[in-house]
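Letter 117 of the sequence shown, counting from 1, is numbered 139 in this note's numbering, and no numbers are missing.
Notes for the one structure printed next.
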Amino acid sequence: MSQHQTPKIRILSTSTINAVPLTESIHRINLTPWDLELLFLEYSQKGLLFRKPNPQQEATILSKTNATSLIHHLKASLERTLHFFSPLLGRLATTKSDDGSTTCFIIDCDNINEKGALFIHATALDTNLSVADILDSSTYVPEIVPSFFPLKGTRNRDGVSQPLLRFK
Numbered sequence: 023m024s025q026h027q028t029p030k031i032r033i034l035s036t037s038t039i040n041a042v043p044l045t046e047s048i049h050r051i052n053l054t055p056w057d058l059e060l061l062f063l064e065y066s067q068k069g070l071l072f073r074k075p076n077p078q079q080e081a082t083i084l085s086k087t088n089a090t091s092l093i094h095h096l097k098a099s100l101e102r103t104l105h106f107f108s109p110l111l112g113r114l115a116t117t118k119s120d121d122g123s124t125t126c127f128i129i130d131c132d133n134i135n136e137k138g139a140l141f142i143h144a145t146a147l148d149t150n151l152s153v154a155d156i157l158d159s160s161t162y163v164p165e166i167v168p169s170f171f172p173l174k175g176t177r178n179r180d181g182v183s184q185p186l187l188r189f190k
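Okay, structure coming up:
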């Protein structure tokens, strides 16, 4: 694939992933002064890139997990994992002290199952693009890579109205 092509992705669906409810839930997490310094920075985004399993591997995965599709399996796995990291399903919030003189930033974990993490199912429009094209790019970052990350340009403080965690 040429460096000058502009590969694009198409979003197939978006959904909210919730965790299995905890019996003992954390209601809020107070942010530290160190955390507050990060509010004005862009989200730190990390990515893991996996090859799609071949049809035989996919059939094995689906038969062992009772999933109806690979995407369904990914969502179910994420839901089980987030059970242990439920604060990631919360939202950034502010609270005022009783006398109104101080504003504190917290992660609001109440009703996390009404909030959740964003899951985006997307596909590359270039049908010739492969994982190898991306991984073998030792001298440049392919133009499609930034489109893998849904929080480009989003600041941490935007977690007040948007999910703290997103998957694409």
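Glycine residues also receive a C-beta, built at the ideal position from the N, C-alpha and C atoms.
Just so you know, these numbers come straight off a predicted model, no measurement behind them.
Pick helix, strand or coil for residue i, following the three-state DSSP scheme.
i	result
D132	coil
S24	Here S24 scores only 44 on pLDDT, less than 50, and its place in the model should not be relied on; the value that follows carries that caveat. DSSP places S24 in coil when its eight states are reduced to three.
R113	strand
K30	coil
G175	coil
A146	strand
F107	helix
E59	helix
F72	coil
D165	Per the sequence shown, the amino acid found at residue 165 is Glu instead of Asp. Of the three classes helix, strand and coil, the one that applies to E165 here is coil, per DSSP.
K190	coil
Suppose the cutoff is 8 Å on Cβ atoms and the five residues either side in sequence are ignored; what does the same chain contact list for residue i look like?
i	result
R177	L61, F62, L63, E64, Y65
I51	P109, G112, I128, I129, C131
G175	E64
L100	I39, A139, F141, F189
Closest by CA to residue i, which one among the options?
i	options	result
L96	D121, P168, S37	S37
P168	L100, I83, G69	G69
A12	C126, F107, H105, F106	Outside the shown range of the chain, which is 23 to 190, sits residue 12, and nothing can be said about it.
Would you mind stating whether residue i and residue j have Cβ atoms separated by less than 7 Å?
i	j	result
L147	K30	yes
F15	Q67	Because the chain here runs from 23 to 190, residue 15 falls outside it and cannot be looked at.
R32	T145	yes
H143	L71	no
Suppose the cutoff is 7 Å on Cβ atoms and the five residues either side in sequence are ignored; what does the same chain contact list for residue i look like?
i	result
G138	T38, I39, N40, L111, P185
L104	I39, A41, L110, L111, A139
Q25	Residue confidence for Q25 is low, a pLDDT of 48 falling below 50, so the modelled location carries little weight; the figure read from the coordinates is stated next. Y162.
Please work out which residues of its chain come closer than 6 Å, Cβ to Cβ, to residue i, disregarding the five sequence neighbours upstream and downstream, and give them in chain order.
i	result
H49	C131, D132
M23	Its pLDDT being 45, under 50, M23 is placed unreliably in this model, and the coordinates cannot settle the point.
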